[in-house]
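Below is one structure, written out as structure tokens, with a few remarks after it.
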Amino acid sequence: MRQSVEAEHYFQTDAAISESSRKAQKSKNQAGSPIKLPSKLLGVISDPFNENAIYVAEAAGTIKRIGLETGTTSHTLRPSTPPNPFTCLAIHVTSPTTGTLFAGSWDKNVYVWPIKASVPASATSTTTLQGHSDFLKALVVIPFRETPLLVSASADKSLIVWDAISLTKLHVLTGHQRGVQALAIDPLSLPDVLGGPSDDESAIIASGDSNREIRFWHVSAKAAFEISTGDAASETPVSKSASDADIDPLVIHETSLYSLTYSTSGDLWTASADKTSKRLSRAHNYTADTTLAHDDYVKCVALAQDRDLVVTGSRDEDVRVWEGGRGKCLARLRGHWDEVTGLAIVAGGKAVVSVGIDGTVRRWGLGTDEMKKEIEVFEQGKEEEKKENLMTEEEERELADLMGDSD
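Taking full-length UniProt numbering, I'd label the letters of the sequence shown as residues 1 to 407.
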């Protein structure tokens, strides 16, 4: 066994060995009450029927429903095809106790499962939506009353609009020059907000790509087309004629966009590989009025709207909580020992769940005292690690002394 370990290290650089050792030590920490799963986690969404449950997308090719209070898996959903990593999730609620879960995969397909509230399940998807020619990167459901829609985004540079009930393909949207990695629905454009008739349901969605571009789209069951940034920020209804000419994308960041989300007031929050998250002000034609600086790529952003909190997850392994109004960092929550890939607000906005490449689900309370406690838990783990390392160093010195005496 020792020879095997030494053989593994033989072909690694000192830096790689040091990094492996660091991650091994950090993986022992209990900050965020980690729930360990056997695979890398690439996406997460809250359970609409239970504020203390989530669904996660695994690189191993399964979807699991996790109870946050028990840490147990109540649902395991698999594709009918050979497993490929799942990257993104969306849920359409069809009744107070039933819904449809959509999952995007590396195999270019969207898989579909019916789900029920609090009913344990182990199911194989027999329904797939085929239309993209590359990895799925993002999904959103537009909850229209008459014809709810699913929008999928892919590394193939396109968006596809589907009927979320009949599962038929309605529209293909092109315009991005690189893979589309993020989608968000403008809440102020929904019919329930605008008071529009149900037979004319439409909404505006934003999409972000790996070429740093943000584009806006008018979407309905009858038609879908790109609109300008000015039209997207306007309260005036958009017509098709407004989109006939070539439309310039919105460019705010220096490089790739990973995540987009709207606030209830219609401002657009971003997460980017340029190590920032920005708030784009709707009132100022989606120009940036707040910038949250990070140490590494920002992979995801979520909003606890009632508390005016912004939560970001980064490649630097940390979850940060910010005051939305001033852009002040309130807490840096350390616990993950690899990249944070997804965030979901749970418990009625009182907590956030983070998932990552380390295969852990962590729950963080968003109260001031709760965040302070989690920081203390992590720091306590670091102190215990130091004590362990100190004992090892003492033993090494004793051994060195003994070796010196034998000369």
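We put the CB at the ideal spot given by N, CA and C, even for glycine.
Best match in V301, R212, A203 for proximity to residue 476 [C-alpha to C-alpha]: Summary: the structure shown does not reach residue 476, with the chain confined to residues 1 through 407, and so no result is reported for it.
N-terminal and C-terminal residue of the alpha helix (DSSP H) that I17 is part of: In the sequence shown, the residue the question calls residue 17 occupies position 17. Per DSSP, I17 belongs to the alpha helix (DSSP H) from 14-26.
CB contact flag (G71, R362, <7 Å): For the purposes of this step, residue 71 is taken as residue 71 along the sequence shown, with counting starting at 1. For the purposes of this step, residue 362 is taken as residue 362 along the sequence shown, with counting starting at 1. If you check the CB distance, G71 and R362 do not come in under 7 Å.
Local Cβ density within 10 Å of S265, reported as buried at 16 or more and exposed below that: Your numbering for residue 265 matches position 265 in the sequence shown. Label assigned to S265: exposed.
Any 3 or more C-beta pairs closer than 8 Å across the region 331-339 and the region 280-295: Touching, no, given that fewer than three Cβ pairs across the two stretches are closer than 8 Å.
Endpoints, the alpha helix (DSSP H) within which A117 is located: Within the sequence shown, the letter at position 117 stands for residue 117. It is not in any alpha helix (DSSP H) - A117 carries neither H nor E in the DSSP assignment.
Alpha-carbon spacing of T341 relative to Q12, whole angstroms: In the sequence shown, counting from the first residue as 1, residue 341 sits at position 341. In the sequence shown, counting from the first residue as 1, residue 12 sits at position 12. Cα-Cα distance, rounded: 26 Å.
Residue range of the unbroken beta strand (DSSP E) whose run includes G99: Position 99 of the sequence shown, counting from 1, holds the residue named residue 99. 98-105 is the span of the beta strand (DSSP E), which, as asked, contains G99.
Length of the line joining the Cα atoms of A242 and I227: Indexing the sequence shown from 1 puts residue 242 at position 242. Indexing the sequence shown from 1 puts residue 227 at position 227. Note on A242: pLDDT 49, under 50, position unreliable in the model; the coordinate value appears next. Our two residues, A242 and I227, have alpha carbons roughly 7 Å apart in a direct line.
Boundaries of the beta strand (DSSP E) in which D316 is found, first to last residue: Taking the first residue of the sequence shown as 1, we reach residue 316 at position 316. Element bounds for D316: n/a, residue is neither H nor E.
Three-state class that DSSP yields for K64 in the structure shown: Taking the first residue of the sequence shown as position 1, residue 64 is located at position 64. In the displayed model, K64 falls within a strand according to three-state DSSP.
L89 vs I45 beta-carbon contact at 7 Å: On the sequence shown, residue 89 is found 89 positions in, with the first residue counted as 1. On the sequence shown, residue 45 is found 45 positions in, with the first residue counted as 1. Yes; because the gap between Cβ atoms is below 7 Å, this pair is in contact.
Inter-residue Cα distance where the pair is S18 and H253: On the sequence shown, position 18 is the one that residue 18 refers to. On the sequence shown, position 253 is the one that residue 253 refers to. Taking the straight line from one Cα to the other gives about 33 Å.
Any alpha helix (DSSP H) of 4 or more consecutive residues that is wholly inside the region 67-97: If we require 4 residues or more, the region 67-97 turns out to have no alpha helix (DSSP H) run fully inside it.
Rounded straight-line distance, which links the Cα of K222 to that of E317: Looking up residue 317 in the sequence shown gives position 317. Looking up residue 222 in the sequence shown gives position 222. If you draw a straight line from the Cα of E317 to the Cα of K222, it comes to about 43 Å.
Contacting residues, own chain, Cβ-Cβ under 6 Å from A15 (five flanking each side not counted): Looking up residue 15 in the sequence shown gives position 15. Excluding positions up to five away in sequence, the list is empty.
Inter-residue Cα distance where the pair is S256 and G313: The sequence position of residue 256 within the sequence shown is 256, counting from 1. The sequence position of residue 313 within the sequence shown is 313, counting from 1. Approximately 15 Å, taken between the alpha carbons.
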